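Visitor: This is the structure I want to talk about, given as structure tokens.
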Amino acid sequence: MMQKDQDLQKSVPLFEHAYQLSGAPEQLFALCDIYIDTHNPAAKPCLEQLKPMAPKQAYAELFAKSQHQTNQ
1031 MMQKDQDLQK
1041 SVPLFEHAYQ
1051 LSGAPEQLFA
1061 LCDIYIDTHN
1071 PAAKPCLEQL
1081 KPMAPKQAYA
1091 ELFAKSQHQT
1101 NQ
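Everything in the sequence shown is counted per this note's numbering, starting at 1031 for the first residue and increasing by one.
If you want it as structure tokens, here you go:
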């Protein structure tokens, strides 16, 4: 489990760079998801930025995941 957490932490800059290059909502969704998985405080602002871009159902699922992570 520790290796997975370390690998996720190392991947964060890659996701950030991918979104910076493309600006695509799909990349922002992936970035928010990785922020949630790594308990990064940037998850909340990321979700706020994503909300107007993402389909409602996709946003709702990611938001629920973030709430579940917060409550653990």
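Where is the CB? At the ideal position from N, CA and C, for every residue including glycine.
These numbers come from a predicted model, not from an experiment.
Skipping 5 residues on each side, what residues in its chain have a beta carbon closer than 6 angstroms to that of Leu1038?
Guide: Asp1067 and Thr1068
Visitor: When the Cα atoms are used, what is the spatial distance from Asn1101 to Glu1046?
Guide: Straight-line spacing of the CA atoms in Asn1101 and Glu1046 works out to 25 angstroms.
Visitor: Which residue spans inside the segment 1031-1094 form an unbroken alpha helix (DSSP H) run of at least 4?
Guide: 1032-1052, 1055-1067 and 1073-1080
Visitor: Measuring CB to CB, does Leu1051 end up less than 8 angstroms from Cys1076?
Guide: no
Visitor: Going by CA-CA distance only, name the one from Ala1048, Glu1056 and Gln1099 that's closest to Ala1084.
Guide: Glu1056
Visitor: So Lys1095 packs on Tyr1089, CB below 8 angstroms; how close in whole Å?
Guide: Wrong, their Cβ atoms sit about 11 angstroms apart, outside the cutoff.
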